[in-house]
Every structure is written in structure tokens, then in C-alpha cells.
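A short worksheet on the structure shown next.
There are 2 protein chains.
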Amino acid sequence: MAEQTTKRRYQDVAEMIRSELMVGSFQIGDRLPTERHISEQLGVSRSLVRDAMIMLEVEGIVSVRKGSGTYVMRLPHVGDDSAEPQNDIGPFELLQARQLLESNIAAFAATMVTKADIVRMREALEQERHDMETGSGAYVADEEFHRSVALASQNSVLVEAVDHLWEMRKRSKMWAKLHQRIFDSGYQRHWLDDHQAILAALQCRDPMQARRAMWQHLENVRLKLLELSDVDDPAFDAYLFNTDPLAALSSDQTQ
Amino acid sequence: MAEQTTKRRYQDVAEMIRSELMVGSFQIGDRLPTERHISEQLGVSRSLVRDAMIMLEVEGIVSVRKGSGTYVMRLPHVGDDSAEPQNDIGPFELLQARQLLESNIAAFAATMVTKADIVRMREALEQERHDMETGSGAYVADEEFHRSVALASQNSVLVEAVDHLWEMRKRSKMWAKLHQRIFDSGYQRHWLDDHQAILAALQCRDPMQARRAMWQHLENVRLKLLELSDVDDPAFDAYLFNTDPLAALSSDQTQ
DNA sequence: CCGACACATCTGGCCGACCAAAATTGCCTG
DNA sequence: CAGGCAATTTTGGTCGGCCAGATGTGTCGG
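Next up, the structure:
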């Protein structure tokens, strides 16, 4: 544990309530016991129970209604507990998922893309070039480009999925570390060509070429990350993922 | 609004803090003002500020440390407020995304699946059968099965992606409406065979068969939904999606 | 007998005071 | 003068009490 985030008691209370929900004592829509009742049953003050309820409400598990009670909105899954175990997702695990998902989204987008989408992607790419030349962090434009690819699918769920992937990337401490090295090495420049290839494939409305281009781009990212993470930090070992099966899968598809 | 969830003041406070972060006054890692300071600046009690901090902490935006202060973990992005703006995603748009993503996740999972995963899927399927016979809502077990397929990929990001898709599904009012009809018609029984086929493909470690089985399953769901939504409600028209391009894409892959 | 209104009670919302951990300060010691 | 230890201050954590909205209930008028 690097960051000594002191245990918060309300999280324990929330965990107890969650496990009570997982055991199946309550159904969706049920009203669970009052905060006072739970507090005296657990032997803690009501404030803690209230804080736990706020946590569960933000997680979408319960809905609190003043004067009425607290109601179950959805049942928690396993591993839904403790808000940040998935906080530090390994960069290679993340890239593996992105390769699988984004390459197929790109392929699908190639069949749905419109002129406006092409324009949007071109603008994002232009912005990337500009950021690269002026030396400002090309971080934002990179995200914008990948997002514009998803937008070309004309499916908001896919866009949200890509947003979600990007959100996880931002949460990953290890990714931030590796990405900083790539930025220092100035290697990002090479990704512009990758993005250009993806754009070209989409412009030709060629699904297989689009899938291949996106896959290759993320493969390049992976290889570069691998190259930059081998030497000094043994902690990276925990994040190494074998993507060979994915590669085999991808080649299956691209035929 | 059907559910009158009374406004909660701490959400307003959280929103103010979020907007203050979005304006760029703070960087990641900065310590923001003490709860007492914020409370008197906004003219509210410290408890409200504290509750807002709990909310922001669950969202991963800040981290609070007893005796030290509250620190910025990540910057909120637009649309991060008001937990459900895109509340009503069309069922067919959602299914389209699921077909694309879940079929490929299944294919990848087929290359990574372990004995324990097979057991987990088998249990979920058994639970589905049991729920079907006893007449209780087979809702939960259905989700559990799809989730167990993602788990077989050994990639937590993919699991989280599938969770996210199901989360959206639950938020969709239109989906709930259609799903109720399917439940009434007793058609869910046929999905058991689909799930069985998916499980079989994974057991054989056959990626293409797995992709095809998952794709066909969701195609069956789509067709049934289409059949049940044609007549009486013109509002459904807005949710009709042409998945032909997706079908073409899928057949490309399955070769 | 039925509906509507008022009140009693139950429920979560909010508050200010006090508690404990962390950080800071400053004194003491070598 | 430098280092370490202890008192003090700062900061979030916890608590019990009171407030306000929602619900259920009993009574009164039709």
C-alpha cells in the first residue's frame, strides 16, 4: 500500500449491508430496515449508517427517500465492494481489452461512418498534430480521436464503452507512469501515422482494414510500453499480460 | 418522473465542488480547502460538505485522509454530474453494442477459459434452469451467466465492460417494458439452449464457435424483441436499429 | 358507508459539539 | 547547530439530538 488511506468505518458498514443484500435477504424494490434500526443492530451511530447509505446510493444500489425509507435499486455483484481494488488496473490488461473492443468497434464504425464523422476525426487528428508541434500534452487529442472513431459507429452505447475504457486508463497509476516515459521519449509522434491509417480505413469504409489498423495501433502501443518497462522496476512483472491468444484471434478475423 | 426522489442538498454541494474542479482551479494531487472552510464559504453545515466528500470519494474524484485533508484524485469530466442523463437508451441500440462486444469477448474467453470458469458458468446456467422451473424471475441468473463468460477472459477490464453494459440495460425504461413482455410470454426458456451452446463452445475452446453462439443468442433476443414491439406502441419506432451491417460484419469474422 | 381532512408517528435530513489521527511547531538534548 | 521527541494545532471522524417531509390512521362531515 503506497497511499495510507485510513480505513473509513462507514465503508465497513456499507460492506455489511452489501453482503446482507448479496445473501439474498432482500429483493429489488424492498425497503430495508430504518437507519436507526441498523445502527443499533450493528452497535454504531446512525450517522455511520447514513454515510454508508450515501455510498450505496452513489453506487446505485439503493435509493434513499426522506420520510419514507431506503429502497433496494439493484443487487450488488461480487467484487463490487471496496471502491478501489480495480483502481490500479495493469496497463497491459487494459490494452488487451482495448485491442479486443476498439478494433471491433472500428470495424463496425467503418460500415456506419458518415461524412461528418470523417470531418470530426480529421479535426481530432489535426489537433493532435498541432499539440505535438507546440509541445503541449497530446493527451487530450488522443482521447478525442479514439472517441470520434466510436462516434462513427452511430451507437451511443459503444461511445460510452470507449469512454469507460478511457476512464479506467486515467485511474491506472501504472499507466500514468509508463505513459510519462513514452511522452518523454517523444515516441507519440509515431502514433499519428497509426491514427492516419485508421482514418483512411474508415474513409474507405473497409471494416477489416479498420479493424486491422486499430489493432496494429494498439499493438504498437503495447510493444512500446513493453520496451520501456523491462528494466528497472520489477513491479511491472505483475502487469505483464500475454496477448498472444488475442493476436491469434485477431488474425483469424482479419482473413 | 415516476420516482420522486427528494433532492438531497449534499448533491448540490458536491456539484459546486465538481464545477470548481472543472474550472481548473485545482490540479491532480492538490489539497483542497478544509471542510470547515468550504462549509462557511457556502453557508452550509460541515456535515453537508462531508457528505458531498463521501459522494466525490465514491466517484473517485477525491481522496480524504483523516487529520490531513482532502486531495484531488482525478478531474471530473462533463456528464459526470446528474447520475443519469442518458437514462433512456434504446433496447436495440444496446443490443447492437452487446452483439458486437460480447460476441468478441466470448471468442477471446474461449482461448483463456479455465476449469473453474466452466464450473462457474455451469452453476449460473443451473441457477437459470432452477429459476425458470420455480417461476422466480430468471433475471439475475441471466446476468450472472453473461458475466461469467466475461470472467473466463481472465481480464477484469472486459468484466467491467460487460457490467457496464448490464448497468445501462437496467437503466433503460424501454428495455424493462420489453423484457416484461418476454417474461410474460415465457420465451426466456429458449435462451437456455443459447446459453448451453455458448458454454459448449467455450468448453471446446473454440473461439469462432463461441463468437457465433453468443452472436446468435443476442440475435435471437433481438428478433424476439422486434416481434413483441411491432404493433401497439409507435414510440418503439425511435428505437429501431438496423443491425444488418453488424450481421455482415459478424459473418466476415466467423469464416 | 365513503371520502376527505387533520393529526400522530415514522423516516431520513441536518446540525453543532466533541473525539482521534495526522501534521506542525518548538523545545530539549547531545 | 542538528536531531529527535513531545505538546499543540489542524483536520477529518463520530455522535446524539432536533428538524422536516412522508405515511398511516382516526375522525368528522356528507
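So the sequence lines, in the order shown, correspond to chains A and B.
Numbers 0 to 254, taken from numbering that gives the first Met the number 0, label the letters of the first sequence in order.
Numbers 0 to 254, taken from numbering that gives the first Met the number 0, label the letters of the second sequence in order.
For each residue, glycine too, the CB sits at the ideal point set by N, CA and C.
Would you list the one or two residues that DSSP bridges to residue i?
| i | result |
| --- | --- |
| LEU31 (chain B) | B:THR69 |
| VAL43 (chain A) | DSSP, once it has assigned bridges, lists no residue as partnering VAL43 (chain A). |
| VAL63 (chain A) | A:THR69 |
Who are the neighbours of residue i on chain B, taking C-beta pairs under 8 Å?
| i | result |
| --- | --- |
| ALA96 (chain A) | ASN154, VAL156, LEU157 and ALA160 |
Are the beta-carbon atoms of residue i and residue j separated by less than 9 Å?
| i | j | result |
| --- | --- | --- |
| GLU127 (chain B) | ASP141 (chain B) | yes |
| ALA196 (chain B) | LEU100 (chain A) | no |
| VAL61 (chain A) | LEU31 (chain A) | yes |
| VAL144 (chain B) | HIS194 (chain B) | The sequence shown places Phe at residue 144 (chain B), not Val. Yes. Within cutoff. |
| ALA154 (chain B) | MET207 (chain B) | Note on identity: in this sequence residue 154 (chain B) is Asn, with Ala being the wrong assignment. No, Cβ-Cβ distance for ASN154 (chain B) and MET207 (chain B) is not below 9 Å. |
| LEU198 (chain B) | ARG146 (chain B) | no |
| PRO75 (chain A) | LEU157 (chain A) | no |
| ILE255 (chain A) | VAL63 (chain A) | In the structure as shown, chain A starts at 0 and stops at 254, and residue 255 (chain A) therefore has no counterpart that could be examined. |
| VAL43 (chain A) | ARG7 (chain A) | no |
| VAL22 (chain A) | VAL48 (chain A) | no |
| MET213 (chain B) | SER102 (chain B) | yes |
| GLN98 (chain B) | ARG221 (chain B) | yes |
| ILE53 (chain B) | ILE53 (chain A) | yes |
| PRO41 (chain B) | ARG17 (chain B) | The question names Pro, yet the displayed sequence has Leu at residue 41 (chain B). Going by C-beta atoms, LEU41 (chain B) is not nearer than 9 Å to ARG17 (chain B). |
| ARG119 (chain B) | LEU150 (chain B) | yes |
| LEU94 (chain B) | LEU224 (chain B) | yes |
| ARG73 (chain A) | LYS169 (chain B) | yes |
| LEU191 (chain B) | LEU124 (chain B) | yes |
| GLY66 (chain A) | GLU166 (chain B) | no |
| LEU201 (chain A) | VAL139 (chain A) | no |
Name the chain A residues whose beta carbon is nearer than 8 Å to that of residue i?
| i | result |
| --- | --- |
| HIS145 (chain B) | Those do not exist, as HIS145 (chain B) stays about 12 Å from chain A at its closest Cβ, beyond 8 Å. |
| ARG8 (chain B) | Result: empty, since nearest Cβ-Cβ is about 11 Å, beyond 8 Å. |
| VAL139 (chain B) | LEU74 |
So which residues on chain A does residue i lean against when the C-beta distance must stay under 7 Å?
| i | result |
| --- | --- |
| ALA163 (chain B) | For the sequence presented, residue 163 (chain B) should be read as His rather than Ala. Correct list: ALA160 and HIS163. |
| GLU92 (chain B) | ASN154, SER155 and VAL156 |
How would you list, in chain order, the residues of chain A whose beta-carbon sits under 9 Å from the beta-carbon of residue i?
| i | result |
| --- | --- |
| LYS169 (chain B) | GLY59, MET72 and ARG73 |
I want to verify the contact list: residues of chain B whose CB lies under 7 Å from the CB of residue i, in sequence order.
| i | result |
| --- | --- |
| MET54 (chain A) | ILE53 and VAL57 |
Determine the chain B residues that contact residue i at a beta-carbon separation under 9 Å, and present them in chain order.
| i | result |
| --- | --- |
| ASP50 (chain A) | ARG49, ASP50 and ILE53 |
| ILE88 (chain A) | SER155, VAL156 and GLU159 |
Measuring from the CB of residue i, is there a heavy atom of the ligand PLP at a distance below 8 Å?
| i | result |
| --- | --- |
| LYS176 (chain B) | As presented, the structure is devoid of all ligands, the ligand PLP included, so that no description of it is given. |
(request) May I ask you to verify whether the segment 99 to 108 of chain B touches the segment 173 to 187 of chain A, counting CB pairs closer than 8 Å and requiring at least 3? (result) no
(request) Scan the segment 171 to 217 of chain A and note each continuous alpha helix (DSSP H) run of 4 residues or more that stays entirely inside, going in chain order. (result) 172 to 184 and 188 to 202
(request) Please determine if the segment 27 to 43 of chain B and the segment 33 to 44 of chain A are in contact, where contact requires at least 3 C-beta pairs separated by less than 8 Å. (result) no
(message) When you compare the segment 182 to 192 of chain B with the segment 86 to 98 of chain B, are there three or more beta-carbon pairs, one atom per stretch, that lie closer than 8 Å?
(response) no
(request) Starting from the N-terminal side, write out each stretch of the alpha helix (DSSP H) that is 4 residues or longer and does not extend beyond the segment 118 to 161 of chain A. (result) 138 to 150
(message) Give the list of continuous beta strand (DSSP E) stretches no shorter than 3 residues that lie fully inside the segment 91 to 118 of chain B.
(response) none
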